[in-house]
Amino acid sequence: MNTVIDLKGVVAVLGSFPALAGVDLSVARGEIVLLQGPNGAGKTSLLRVCAGLLPIERGSGTILGIDVASQREDIRSRVGFLGHANGLYLDLTVTQNMKFWAATVGASDAEVDAAMARMRVDGRLAHVRTAQLSAGQRRRTALASLIVRRAEIWLLDEPHAGLDAAGRDEIDHVLREAVGAGATVVLASHESERASELAHRIVTIDGGGAQ
Amino acid sequence: MAVRLRAVNISTETRLSTGTVATRRLGALAIVMLTVLAVLALIISPEDVNQGSTVRIMYVHVPTIWVAYMAFILTAVCSATYLSGRNRSLGWDRVAGASAEIGVLFVALSLLTGSLWGRITWGTYWVWDARLTSTAFLFITYIGYLAVRRLDGTQRQRARRSSVLALLAVLEIPLVHFSVRLWRSLHQEASVATGGTDVELDDLMLFSLFFGLAAFSVLFVWLLLHRQRMLYLEDAMSSQGLDAAIEARRKEAVR
Amino acid sequence: MEHASFIIGSWVVTALAVGVYAGWIIKRGRDLARRSSDKDFPWT
Amino acid sequence: MSPRTSRVNVAVAVAKKDLLVEWNSKILMNQVAPFAAIVMVMFAFALDNDGILQRVAPGLVWLATLFSMLIVVQRSFAVETADGALDALRVAGVDPAAIFAGKSFALMVQLCALETMLVGTAVVLYGVELTLGGLGQMVVTMVAATIGLGCVGTLYGGLAAGVKGRETLLPLLLLPVVAPVLIGATRATEAAFGSGGAEISEGWPWIVLLGIFALVFSTVGSVAFGPLVDE
Numbered sequence: 001m002n003t004v005i006d007l008k009g010v011v012a013v014l015g016s017f018p019a020l021a022g023v024d025l026s027v028a029r030g031e032i033v034l035l036q037g038p039n040g041a042g043k044t045s046l047l048r049v050c051a052g053l054l055p056i057e058r059g060s061g062t063i064l065g066i067d068v069a070s071q072r073e074d075i076r077s078r079v080g081f082l083g084h085a086n087g088l089y090l091d092l093t094v095t096q097n098m099k100f101w102a103a104t105v106g107a108s109d110a111e112v113d114a115a116m117a118r119m120r121v122d123g124r125l126a127h128v129r130t131a132q133l134s135a136g137q138r139r140r141t142a143l144a145s146l147i148v149r150r151a152e153i154w155l156l157d158e159p160h161a162g163l164d165a166a167g168r169d170e171i172d173h174v175l176r177e178a179v180g181a182g183a184t185v186v187l188a189s190h191e192s193e194r195a196s197e198l199a200h201r202i203v204t205i206d207g208g209g210a211q
Numbered sequence: 001m002a003v004r005l006r007a008v009n010i011s012t013e014t015r016l017s018t019g020t021v022a023t024r025r026l027g028a029l030a031i032v033m034l035t036v037l038a039v040l041a042l043i044i045s046p047e048d049v050n051q052g053s054t055v056r057i058m059y060v061h062v063p064t065i066w067v068a069y070m071a072f073i074l075t076a077v078c079s080a081t082y083l084s085g086r087n088r089s090l091g092w093d094r095v096a097g098a099s100a101e102i103g104v105l106f107v108a109l110s111l112l113t114g115s116l117w118g119r120i121t122w123g124t125y126w127v128w129d130a131r132l133t134s135t136a137f138l139f140i141t142y143i144g145y146l147a148v149r150r151l152d153g154t155q156r157q158r159a160r161r162s163s164v165l166a167l168l169a170v171l172e173i174p175l176v177h178f179s180v181r182l183w184r185s186l187h188q189e190a191s192v193a194t195g196g197t198d199v200e201l202d203d204l205m206l207f208s209l210f211f212g213l214a215a216f217s218v219l220f221v222w223l224l225l226h227r228q229r230m231l232y233l234e235d236a237m238s239s240q241g242l243d244a245a246i247e248a249r250r251k252e253a254v255r
Numbered sequence: 001m002e003h004a005s006f007i008i009g010s011w012v013v014t015a016l017a018v019g020v021y022a023g024w025i026i027k028r029g030r031d032l033a034r035r036s037s038d039k040d041f042p043w044t
Numbered sequence: 001m002s003p004r005t006s007r008v009n010v011a012v013a014v015a016k017k018d019l020l021v022e023w024n025s026k027i028l029m030n031q032v033a034p035f036a037a038i039v040m041v042m043f044a045f046a047l048d049n050d051g052i053l054q055r056v057a058p059g060l061v062w063l064a065t066l067f068s069m070l071i072v073v074q075r076s077f078a079v080e081t082a083d084g085a086l087d088a089l090r091v092a093g094v095d096p097a098a099i100f101a102g103k104s105f106a107l108m109v110q111l112c113a114l115e116t117m118l119v120g121t122a123v124v125l126y127g128v129e130l131t132l133g134g135l136g137q138m139v140v141t142m143v144a145a146t147i148g149l150g151c152v153g154t155l156y157g158g159l160a161a162g163v164k165g166r167e168t169l170l171p172l173l174l175l176p177v178v179a180p181v182l183i184g185a186t187r188a189t190e191a192a193f194g195s196g197g198a199e200i201s202e203g204w205p206w207i208v209l210l211g212i213f214a215l216v217f218s219t220v221g222s223v224a225f226g227p228l229v230d231e
């Protein structure tokens, strides 16, 4: 099976606002796809649909061959998602956060240490509470916790936001490596130059549809 | 009440309301039965040997709590049906919601008429009797249920949340009732609650009582039909609004 | 009749509450039905 | 559920995480416990009579517990929603039943600590006397009541998490449900304290009631938590 994301005419609603009004999206295994579009175009909602977080009102589709309309719960454990929020516990230290997320997916301590070193949140930062970190450091911690997930599809909403140049390079590196290992990446980013260099394909979306 | 209902009967706009010929007949039947009940209860039926004239409150008090119980049972049944259904029709959820709202109204009326009766019989509006206390909890529980129905979200979210909550209430209510009974039975301070409540019913009184149950049941069905259709219209309009919004969004995107 | 005010009061309050509720249902039902663009309801 | 771990491991991780959050932030210790203590002091002002205080001490202990519990439950879910951790848990495919078990357990531990403090306060401020047998019964009562409270609190706290007006919705939903716990725990504690000449043996039926409540809501909670929190 080569198509890992296959959405047709997807409509998703936030409250009473149609964030997605019939979007098609098709992504093949091993691709890095960049979602582009103005603010409020539905990039975040589309990523949340792909993650199985946002139910679809109409339309149909499969993620990794799983039906998005009826089996959202089964999709979740196989994808990795990084939204605008980092999904961290602000009262916990970096290590405590990492250990917790590793425990929920059954990752080993060695994997945790490697991921933390990779995203440079080890050493001095390891025992700082995430509330006291800078925005970029928190983002790096969140990415480190994503690495230990070993997801089949990586869904990233503005992964570069708040990061310095070295951090951005590191993310691109991590994503390329993940794709090399057989994963697929879909990301939304305003760093269009950098992201389009990274991406194999650019999809422009504007609520009503994707080309 | 009678005046308002009659206004429906003479309405010529058959299609533009939640009424039909059947509900109009049902409404008329409810009015007639309730009027007869009032005459029976307030004028014709005799005073009770023990309770005296206060028994006349019973003819309205008992049917209200009867309707409330019926409504809450219906809410639970519809919620269970919604959750177990394969296609998850929102119709079940709407009936559950309509029924719970009517139930809340009638529990309130029942508590009110009950306390008026208590003021005469026991000299106090409220006693911490097991039945009263657990009815008060029932009332608050379903106010909470209605509050959850009004939370933001899509229709499916609303249906799922409130159905689960309605089934939780089915577990909670017996527990509350049981514990309150246990509480009262071991602490016999409210002995007033057991005095002077014996009713010796003669045939006419018994007939009035059952007639009251029937009359209020008809009223319940009438209210439920209309309320549930009103919910249908609300849901349909929000769906239409959504369709329009989707269409607008699409056009915007194409341009 | 003894305690007439309490007894009549119970009945009046009940009738009023149910009447107001029924009136609200009908009025709002009509408003909604009139505003609805789809005039084909399941019950008509 | 990830194939690499078990439901029990995840539940343990969630419980540990919640307790670590409290250990790091000390909200329970520095804010909720003082609040509970001041409530006990205020009760004394309001009732202003040593005899009455001793008699009603059991009820006041549990009332203070319930009010404090509302705060602890809010906090327990505020931690989850502050930075989107609840979404992250969902995407991680974590079994809702495991989240429910873990969070309930952490809540139970915190409530037990709070109750111990409140009983201590009652002994000191209200002149309640605890015999050895009474103490034993008090412990059993606390455990039974707390299991029920922890489960119900987590269940309804999860429903209220992330909705508008959660601060007012939670008490409205939660307080009617925990009425049996208030009744049962108060009566059992009266027996343990010997308030109003109550015998210790009078307490056991109430503990059975608390046990039934705990059993019902721990079972139902793990099933209902998922659908209530999801979406």
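Chains as they are written, first to last, in the UniProt record's numbering: chain A, 1 to 211; chain B, 1 to 255; chain C, 1 to 44; chain D, 1 to 231. Ideal placement from N, C-alpha and C gives every residue a C-beta, glycine not left out.
Extent of the continuous alpha helix (DSSP H) run through residue i
{"i": "B/Gly144", "result": "130 to 149"}
{"i": "A/Ala19", "result": "Per DSSP, A/Ala19 belongs to no alpha helix (DSSP H); it is in the beta strand (DSSP E), 17 to 28."}
{"i": "A/Gly80", "result": "Unbroken run through A/Gly80 is the beta strand (DSSP E), 79 to 82; no alpha helix (DSSP H)."}
{"i": "A/Trp154", "result": "From DSSP, A/Trp154 is part of no alpha helix (DSSP H) but of the beta strand (DSSP E) over 153 to 157."}
{"i": "D/Ser68", "result": "50 to 81"}
{"i": "A/Thr44", "result": "43 to 50"}
{"i": "D/Gly120", "result": "96 to 125"}
Opening and closing residue of the beta strand (DSSP E) in which residue i lies
{"i": "residue 220 of chain A", "result": "Any answer about residue 220 of chain A is impossible in this case: the structure gives chain A only from 1 up to 211."}
Chain D residues whose Cβ lies nearer than 7 Å to that of residue i
{"i": "B/Val164", "result": "Ala224, Pro227, Leu228"}
For residue j and residue i, the rounded distance between their alpha carbons
{"i": "residue 246 of chain D", "j": "B/Arg160", "result": "Here chain D covers residues 1 to 231 and nothing more, so residue 246 of chain D does not appear."}
{"i": "B/Ile10", "j": "A/Leu35", "result": "For B/Ile10, the predicted model reports a pLDDT of 43, less than 50, meaning its position is unreliable; a value from the coordinates is still stated below. Whole-angstrom Cα-Cα distance: 60 Å."}
{"i": "A/Gly80", "j": "A/Gln137", "result": "19 Å"}
{"i": "D/Phe100", "j": "D/Phe225", "result": "7 Å"}
{"i": "A/Leu90", "j": "D/Asn24", "result": "10 Å"}
{"i": "D/Thr154", "j": "B/Ala166", "result": "17 Å"}
{"i": "A/Gln211", "j": "A/Thr62", "result": "Per-residue confidence for A/Gln211 stands at a pLDDT of 46, beneath the threshold of 50, marking its modelled position as unreliable; the derived number appears in the next sentence. So the two alpha carbons sit approximately 18 Å from each other."}
{"i": "B/Ala38", "j": "D/Glu115", "result": "54 Å"}
{"i": "B/Ser179", "j": "B/Thr64", "result": "24 Å"}
{"i": "A/Lys99", "j": "A/Ala110", "result": "11 Å"}
{"i": "D/Gly203", "j": "D/Val216", "result": "20 Å"}
{"i": "B/Asn87", "j": "D/Leu70", "result": "37 Å"}
Amino acids of chain C, ordered along the chain, whose beta-carbon sits closer than 7 Å to that of residue i
{"i": "B/Leu90", "result": "Per Cβ cutoff of 7 Å: no residues; B/Leu90 is ~12 Å from chain C at best."}
{"i": "B/Gly52", "result": "Glu2"}
Any chain A beta carbon closer than 7 Å to residue i
{"i": "B/Arg235", "result": "Position check: residue 235 of chain B holds Asp in this sequence, whereas Arg was assumed. Cβ-Cβ to chain A under 7 Å: no for B/Asp235."}
{"i": "D/Ala78", "result": "no"}
{"i": "B/Asp152", "result": "yes"}
{"i": "B/Ile44", "result": "no"}
Within chain D, partners of residue i - CB distance below 8 Å
{"i": "B/Trp183", "result": "Ile183, Arg187"}
Residue i: CB within 6 Å of a non-hydrogen atom of the ligand GTP
{"i": "A/Val11", "result": "The ligand GTP is absent from the structure shown, which contains no ligand whatsoever."}
Per-residue contacts from residue i into chain B (C-beta, under 7 Å)
{"i": "C/Val12", "result": "Ordered by position in chain B, no residue passes the 7 Å Cβ test against C/Val12, which lies about 10 Å from the chain."}
{"i": "A/Pro18", "result": "Leu242, Ala245, Ile246, Arg249"}
Residue i at chain C interface by Cβ criterion, 7 Å
{"i": "B/Thr75", "result": "no"}
{"i": "B/His226", "result": "yes"}
{"i": "B/Ser115", "result": "no"}
{"i": "B/Gly195", "result": "In this prediction, B/Gly195 has a pLDDT of 46, which is less than 50 and means its spatial position is unreliable; nothing more can be read from the coordinates."}
Partners in chain A for residue i, counting only beta-carbon separations shorter than 7 Å
{"i": "D/Gly93", "result": "Arg76, Ser77"}
{"i": "residue 259 of chain D", "result": "What the structure shows of chain D is the stretch from 1 to 231, and residue 259 of chain D is not part of that stretch, so it cannot be assessed."}
Proximal residues of chain C, C-beta to C-beta of residue i below 9 Å
{"i": "B/Leu219", "result": "Val18, Ala22"}
C-beta neighbour in chain D for residue i, strict 7 Å
{"i": "B/Arg86", "result": "no"}
{"i": "B/Arg160", "result": "yes"}
Beta carbon proximity, residue i to chain B, threshold 7 Å
{"i": "D/Glu208", "result": "According to the sequence provided, residue 208 of chain D is Val. The question's Glu does not apply to it. No, no contact with chain B."}
{"i": "D/Leu172", "result": "yes"}
{"i": "C/Ser36", "result": "yes"}
Within chain B, the residues that residue i reaches when beta carbons sit closer than 8 Å
{"i": "D/Ala179", "result": "Phe137, Val176, Ser179, Val180"}
{"i": "A/Val11", "result": "Ile246"}
Residues that residue i contacts on chain D, provided the C-beta gap is smaller than 9 Å
{"i": "A/Gln71", "result": "Within chain D, no residue comes near A/Gln71; the closest Cβ sits about 12 Å away, beyond 9 Å."}
Exercise for the section: Taking 8 Å as the threshold, find out whether the region 137 to 156 of chain B comes into contact with the region 168 to 181 of chain D through three or more Cβ pairs. Expected result: The region 137 to 156 of chain B, when compared against the region 168 to 181 of chain D, does touch it at the 8 Å Cβ threshold.
Problem - Touching by the beta-carbon criterion (3+ pairs, under 8 Å), the region 67 to 79 of chain D and the region 138 to 148 of chain D - result: The region 67 to 79 of chain D is not in contact with the region 138 to 148 of chain D.
Problem - Three CB pairs or more closer than 8 Å across the region 116 to 133 of chain D and the region 126 to 134 of chain A - result: When C-beta atoms of the region 116 to 133 of chain D are compared with those of the region 126 to 134 of chain A, fewer than three pairs fall below 8 Å, so the two segments do not count as touching.
Problem - Cβ pair count under 8 Å reaching 3, the region 35 to 42 of chain C against the region 77 to 92 of chain D - result: Pairwise C-beta distances place the region 35 to 42 of chain C out of contact with the region 77 to 92 of chain D, as fewer than three of them are shorter than 8 Å.
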